[in-house]
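Chemist: Before anything else, here's the structure in question.
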Ligand SMILES: *Cc1c(COP(=O)(O)O)cnc(C)c1O
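In my numbering, the protein residues as written are 5 to 376.
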């Protein structure tokens, strides 16, 4: 095997996908309740995304960021409009790069300042993003990290913000460490502390955004408005694209030459994202995500041994008595259900947002067979 061993991969080769279904190279059909970790929110090979990619690829793929293209300008205007309408967008090729852009804009707005992150956070694997990801196993082998980062228990972040703080970076719902919702009061108190000390508040909505919780952005549930957000994962409908979206306060911080990316905001991925946004911002879909999420959590609570069922919309997790990675492996091989373990006792579900009631019942039935 010629791939470096950064992933413990399952021995499955997928060949085709449609909606919430995947097929492997032996023709077996799977139900996908992971979506490539919240990437394929529109479902696999959504016809509108496929058509957008096909037609844009035949017209123009790349000119770089010294010029404009229509798909990129349209996407930037739409994303800005979805976040208050007074800021601007910096495009990236991934989530971690969107986080890097967020760190840079927050640092430049208050030069020399510290970055405060939450214990249990995950923001990505590049050096800046990794420095904002306070997990010993991920950080220790790669020390020294970027200086000026401080990880604080979520409930203590507000009181930790002071004159030296440049920015607070936080996920409204911690995804990679097991779907932990940050309470509205905590988010509100962090917002107030940032305002008091002239620090930027930036929400990482890479996993929580674009309809996953039943609002376009998860922070809309709290009413707390950050100075910028990061997005990626579901944005490209399956293709790699991310973005930093600022509000008014951080709009004019970057000047020409401050930051860049050769590929970012390319015409094909931007066309795909425009098609994906049509699907993911549809009010009828968002309302369904809320009710389907409630159904899913109600059904999960009835599973043998399932505890602490949690989440918002179609971002769900629950704890089990058994070994979660082992149960997830059995779900895959025995029940052909794709899901994932975020820890030794936690199973996470991130189905496509276009899922139906029958597919939810089907998935819960498959989980029941593994847990019984
Ligand atoms: C996935 C994720 C990232 C990193 O995104 P990549 O595209 O893997 O670089 C950052 N933050 C959060 C909250 C994520 O879920």
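A virtual CB, placed ideally from N, CA and C, is assigned to each residue, including glycine.
Remember, it's a predicted structure, so these values are computed and weren't measured experimentally.
Among residues of its own chain, excluding the 5 on either side of residue 34, which ones have a beta-carbon nearer than 6 Å to its beta-carbon?
Modeler: Counting from 1 along the chain shown, the entry for residue 34 is found at position 30. Within the same chain, residue 34 has close Cβ partners 26, 340, 342.
Chemist: Rounded C-beta distance between residue 278 and residue 79? I'm assuming under 8 Å.
Modeler: Here residue 278 refers to the residue found at position 274 when the chain shown is read from its first residue. Here residue 79 refers to the residue found at position 75 when the chain shown is read from its first residue. With a contact defined as Cβ atoms closer than 8 Å, residue 278 and residue 79 qualify at about 5 Å.
Chemist: Considering only residues of the same chain and omitting the five flanking positions on each side of residue 262, which have a CB-CB separation below 8 Å?
Modeler: Taking the first residue of the chain shown as position 1, residue 262 is located at position 258. Counting only Cβ-Cβ distances below 8 Å, and skipping sequence neighbours, we find 108, 112.
Chemist: Taking the alpha helix (DSSP H) that residue 76 belongs to, which residues open and close that run?
Modeler: If you number the chain shown from 1, residue 76 lands on position 72. That run of the alpha helix (DSSP H) goes 74 to 86.
Chemist: Note down, one range per segment and in chain order, each beta strand (DSSP E) of at least 3 residues found wholly within the stretch 88 to 160.
Modeler: 93 to 96, 118 to 122, 153 to 156
Chemist: Go ahead and pull the three-state DSSP assignment for residue 302.
Modeler: In the chain shown, counting from the first residue as 1, residue 302 sits at position 298. Note: residue 302 maps to helix in three-state DSSP.
Chemist: Candidates 177, 195, 368: which alpha carbon is nearest residue 332's?
Modeler: The residue labelled residue 332 in the question sits at position 328 within the chain shown. Nearest option by C-alpha distance: 368.
Chemist: Taking just the CA atoms, how far does residue 186 sit from residue 13?
Modeler: The residue given as residue 13 occupies position 9 in the chain shown. The residue given as residue 186 occupies position 182 in the chain shown. Going by the C-alpha atoms only, they are around 31 Å apart.
Chemist: Residues in the same chain with beta-carbon distance under 7 Å from residue 105, minus the five sequence neighbours each way, listed in chain order, please.
Modeler: Numbered from 1 along the chain shown, position 101 holds the residue referred to as residue 105. Hits under 7 Å: 94, 96, 248, 263.
Chemist: Measure the beta-carbon distance from residue 45 to residue 244 and round it to whole angstroms, keeping in mind my assumption that it falls under 8 Å.
Modeler: Position 41 of the chain shown, counted from the first residue, corresponds to residue 45. Position 240 of the chain shown, counted from the first residue, corresponds to residue 244. Residue 45 to residue 244, Cβ: 14 Å. No contact.
Chemist: Taking its Cβ as the centre, do 16 or more other Cβ atoms sit within 10 Å of residue 146, making it buried, or is it exposed?
Modeler: The residue you call residue 146 lines up with position 142 of the chain shown. Exposed.
Chemist: Which same chain residues, not among the five before or five after residue 388, have their C-beta less than 7 Å away from its C-beta?
Modeler: The structure shown does not extend to residue 388, since the chain is modelled only from 5 through 376, so no value can be given for it.
Chemist: Quick check on residue 51: buried or exposed, where buried means 16 or more other Cβ atoms within 10 Å of its Cβ?
Modeler: Along the chain shown, read from residue 1 onward, the residue named residue 51 stands at position 47. Exposed: under 16 other Cβ atoms inside 10 Å.
Chemist: Exposed or buried, which one is residue 151 when buried takes at least 16 other CB atoms within 10 Å?
Modeler: For the purposes of this step, residue 151 is identified with residue 147 of the chain shown, where counting begins at 1. Residue 151 should be labelled exposed.
Chemist: At the level of alpha carbons, what is the spacing between residue 241 and residue 53?
Modeler: Numbered from 1 along the chain shown, position 237 holds the residue referred to as residue 241. Numbered from 1 along the chain shown, position 49 holds the residue referred to as residue 53. Rounded to the nearest angstrom, the gap between the Cα atoms of residue 241 and residue 53 is 6 Å.
Chemist: What are the boundary residues of the alpha helix (DSSP H) that includes residue 59?
Modeler: For the purposes of this step, residue 59 is taken as the residue at position 55 of the chain shown. Boundaries of the alpha helix (DSSP H) harbouring residue 59: 51 to 63, taken from the DSSP string.
Chemist: Going by DSSP in three states, residue 398 sits in which element: helix, strand or coil?
Modeler: Residue 398 lies beyond the residue range present for the chain, which begins at 5 and ends at 376; the question has no answer from this structure.
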